[in-house]
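Right, one structure below, let's go through it.
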Amino acid sequence: MSAILASLRHPLIQAPMAFAHDTELPLAVCRAGALGSLAASMYGPPALEQALQTMRDEGGGLPYNLNFFAHRTPEADEAQRAAWLAVLRPYFDELGLSEGDIPANGGRQPFDADALALLERFRPPVASFHFGLPASDLLSRVKAAGCEVWASATTVEEALWLEANGADVVIAQGWEAGGHRGWFLNRDPACQSGLFALLPAVCRAVNLPVVAAGGIADADAVRAALDLGAAAVQAGTAFLLADEALTKPAHRAAIQSARPEDTAVTNLFSGGAARGIVNRFMREAGPMNESALPFPLAGAAAGALKAEAERRGCFDFSPFWAGQGAGRCVPGSAADIVARLCARL
């Protein structure tokens, strides 16, 4: 059993959600007896250092999760870039943008030596990874720092790989989940499963604690996941409605009115497959567009569109990440949401 999971008052993890929260949300979740998560991928080293110092100073020694992306940044040739820009050009023209407005850095940096140095200094109780695990030399130092290593799996094959390569806890991410898919071995959507098919299969396959993620929006879903063998559950969309989250009002409203069929998995916003509420951009260009640059390279140009549109009060190009259970989520404080999700335990 995971020592961190055993220490929690509630078997509940707030999912890390880049740009949807700062330290306030995970701290509030930790104080409510669940596990708060800080999304490191949204920070550069100086800002991450400051955030970790805040978690240390204000966390009262409560455990928390520091989450990283473990992808390998790909290359794209000029033909690929030209094809992607051809998809975006009508929207760039509409908003008065040019290629010169695209930032050089697409963001979403993977776990690296700078991140490792901060991890070794602050020693978070949990270090979790999306898109597999970091290289073995980096991972061995994460473990030497005393961190439990958690990682996402979207298939049984990925769960077995994580177990064989050093993970301490597997997060079984169902197809319902909002935000980015954690897949790293097989990116065929036809091979993806809903959580309540994936979860018991992963629990049977591995000898590690399994956390259930995807569509966890109310106490009934939490109870069902635990009954199917999960050691804990992870909720993301539910916490986007927390008072402490940074979720924009338009995003909050869209979550509360969303039906399951109102979300889709798209690669338009980053190049990686991620579930969000369907908007104009997704309807017209995708949602899965074969010309999108691979993750995370597509995010630079898509981010320029988003920023300019939002500056004009338009959310046609904004990724409103949400799982298929979004419409069952209820706003409130982080403590209220923890209590609501755990009401049947």
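For the sequence shown, the working numbering begins at 10 and goes up steadily by one.
Backbone N, C-alpha and C fix where the C-beta goes; we use that ideal spot for every residue, glycine too.
#### Entry: Expected contact under 8 Å - CB spacing of residue 25 and residue 46 to nearest Å
Walking along the sequence shown from the start, residue 25 turns up at place 16. Walking along the sequence shown from the start, residue 46 turns up at place 37. Their Cβ separation, rounded to whole angstroms, is 4 Å, which keeps residue 25 and residue 46 in contact under 8 Å.
#### Entry: Cβ pair residue 250, residue 280 closer than 8 Å
Translated into positions along the sequence shown, residue 250 becomes position 241. Translated into positions along the sequence shown, residue 280 becomes position 271. Not closer than 8 Å, so no.
### DSSP state of residue 360 mapped onto helix, strand, coil
This structure cannot speak to residue 360, because the chain is shown only from 10 to 354.
### Query
In three-state DSSP terms, what is residue 248?
Here residue 248 refers to the residue found at position 239 when the sequence shown is read from its first residue. Residue 248: helix per DSSP, three-state reduction.
### Task
Starting from residue 355, trace the beta strand (DSSP E) both ways and give me its first and last residue.
Shown here, the chain extends from 10 to 354; a query on residue 355 therefore has no answer.
### Task
Would you check if the distance between the CB atom of residue 285 and the CB atom of residue 331 is smaller than 8 Å?
Along the sequence shown, one-based indexing puts residue 285 at 276. Along the sequence shown, one-based indexing puts residue 331 at 322. For residue 285 and residue 331, yes; Cβs fall inside 8 Å.
### Message
Ignoring anything shorter than 3 residues, give me the beta strand (DSSP E) runs that lie fully in the segment 250 to 282, in order along the chain.
### Response
272 to 275
### Query
Which residues mark the beginning and the end of the alpha helix (DSSP H) in which residue 237 is found?
As a working mapping, residue 237 is identified with position 228 in the sequence shown. That residue, residue 237, is in no alpha helix (DSSP H); it is neither H nor E in DSSP.
#### Entry: Where residue 354 falls, given that 16 or more other Cβ within 10 Å makes a residue buried
By 1-based counting over the sequence shown, the position of residue 354 is 345. Under this definition residue 354 is an exposed residue.
### Task
In the DSSP assignment, find the beta strand (DSSP E) that holds residue 178 and state where it starts and stops.
As a position in the sequence shown, residue 178 is number 169, starting the count at 1. Taken as a continuous stretch (DSSP letters only), the beta strand (DSSP E) holding residue 178 covers 178 to 182.
### Task
Apply the 10 Å Cβ neighbour rule to residue 315 and answer buried if 16 or more other Cβ atoms are within range, or exposed otherwise.
As a working note, residue 315 is residue 306 in the sequence shown. Its Cβ being crowded by 16 or more others within 10 Å, residue 315 is buried.
### Task
Please confirm whether residue 131 and residue 61 have their CB atoms less than 8 Å apart.
As a first step, residue 131 is located in the sequence shown; it is residue number 122 there, counting from the start. As a first step, residue 61 is located in the sequence shown; it is residue number 52 there, counting from the start. For residue 131 and residue 61, yes; Cβs fall inside 8 Å.
### Task
Can you tell me which of 175, 177 and 192 puts its alpha carbon nearest to the alpha carbon of residue 183?
Looking up residue 183 in the sequence shown gives position 174. Checked all of 175, 177 and 192; the closest Cα to residue 183 is 192.
### Rounded C-alpha distance that separates residue 135 from residue 154
Residue numbering aside, residue 135 sits at position 126 when the sequence shown is read from its first letter. Residue numbering aside, residue 154 sits at position 145 when the sequence shown is read from its first letter. Computed Cα separation, rounded: 10 Å.
### Message
Quick check on the DSSP output: the alpha helix (DSSP H) that includes residue 319 runs from which residue to which?
### Response
Here residue 319 refers to the residue found at position 310 when the sequence shown is read from its first residue. Residue 319 -> alpha helix (DSSP H) spans 308 to 320.
### Query
In three-state DSSP terms, what is residue 73?
In the sequence shown, the residue the question calls residue 73 occupies position 64. Strand.
### Query
Which full runs of the beta strand (DSSP E) of 3+ residues lie inside the segment 152 to 179, going along the chain?
157 to 162
### Message
Once DSSP output is grouped into helix, strand and coil, what is the label at residue 105?
### Response
Here residue 105 refers to the residue found at position 96 when the sequence shown is read from its first residue. Reduced to three states, the DSSP call for residue 105 is coil.
### Task
Please name the residue, chosen from 242, 235, 223 and 158, that lies closest to residue 174 on a Cα-to-Cα basis.
Within the sequence shown, the letter at position 165 stands for residue 174. Here the closest residue by C-alpha is 158.
### Query
Are the beta-carbon atoms of residue 225 and residue 334 separated by less than 8 Å?
By one-based count along the sequence shown, residue 225 stands at place 216. By one-based count along the sequence shown, residue 334 stands at place 325. Contact flag set, yes.
### Residue from 190, 287, 276 and 141 with nearest C-alpha to residue 245
Translated into positions along the sequence shown, residue 245 becomes position 236. Looking at the Cα atoms, 190 is the closest of the given residues.
### Task
Would you check if the distance between the CB atom of residue 161 and the CB atom of residue 180 is smaller than 8 Å?
Position 152 of the sequence shown, counting from 1, holds the residue named residue 161. Position 171 of the sequence shown, counting from 1, holds the residue named residue 180. Yes, these two residues count as a Cβ contact at 8 Å.
### Complete runs of the beta strand (DSSP E) confined to the segment 185 to 234 [at least 3 residues]
219 to 222
### Query
From this set, 236, 205, 213 and 97, which residue's C-alpha is nearest residue 169's C-alpha?
Here the question's residue 169 lines up with position 160 in the sequence shown. It is 213.
### Query
Taking the alpha carbon of residue 346 as the point to measure from, which residue in 143, 40 and 128 has its own alpha carbon closest?
Here residue 346 is taken as the residue at index 337 of the sequence shown, counted from 1. The shortest Cα separation from residue 346 among 143, 40 and 128 belongs to 40.
### Query
Between residue 114 and residue 72, what straight-line distance do the alpha-carbon atoms span, to the nearest angstrom?
Counting from one through the sequence shown, the residue named residue 114 turns up at place 105. Counting from one through the sequence shown, the residue named residue 72 turns up at place 63. Whole-angstrom Cα-Cα distance: 32 Å.
### Message
Just list the residues that DSSP pairs residue 284 with in beta bridges.
### Response
The residue given as residue 284 occupies position 275 in the sequence shown. Bridge partners of residue 284: 188 and 274.
### Message
Beta-carbon within less than 7 Å of residue 123's beta-carbon, same chain only, minus the 5 sequence neighbours each way: which residues are those?
### Response
The residue you call residue 123 lines up with position 114 of the sequence shown. Cβ neighbours of residue 123 beyond the five flanking positions: 54.
### Query
Does the beta-carbon distance from residue 278 to residue 311 come in below 8 Å?
Here residue 278 refers to the residue found at position 269 when the sequence shown is read from its first residue. Here residue 311 refers to the residue found at position 302 when the sequence shown is read from its first residue. Yes, they are a contact pair.
### Query
Looking only at C-alpha atoms, which of 198, 144, 253 and 104 sits nearest to residue 343?
If you number the sequence shown from 1, residue 343 lands on position 334. Among 198, 144, 253 and 104, the Cα nearest to that of residue 343 is on 253.
### Task
Could you please give me the residues that DSSP links to residue 46 through a beta bridge?
Locating residue 46 in the sequence shown gives position 37, where the first residue counts as 1. Looking at the DSSP assignment, residue 46 forms a beta bridge with 74.
### Query
Got a sec? Which residues, its chain only, sit under 7 Å from residue 289 by beta carbon, not counting five neighbours each side?
Position 280 of the sequence shown, counted from the first residue, corresponds to residue 289. The answer, listed in chain order, is 325.
### Message
With H, G and I counted as helix, E and B as strand and the rest as coil, what does DSSP make of residue 341?
### Response
On the sequence shown, residue 341 is found 332 positions in, with the first residue counted as 1. Strand, per DSSP.
### Straight-line gap, residue 242 to residue 152 (C-alpha atoms, nearest Å)
Locating residue 242 in the sequence shown gives position 233, counting from the first residue. Locating residue 152 in the sequence shown gives position 143, counting from the first residue. Their Cα atoms are separated by approximately 23 Å.
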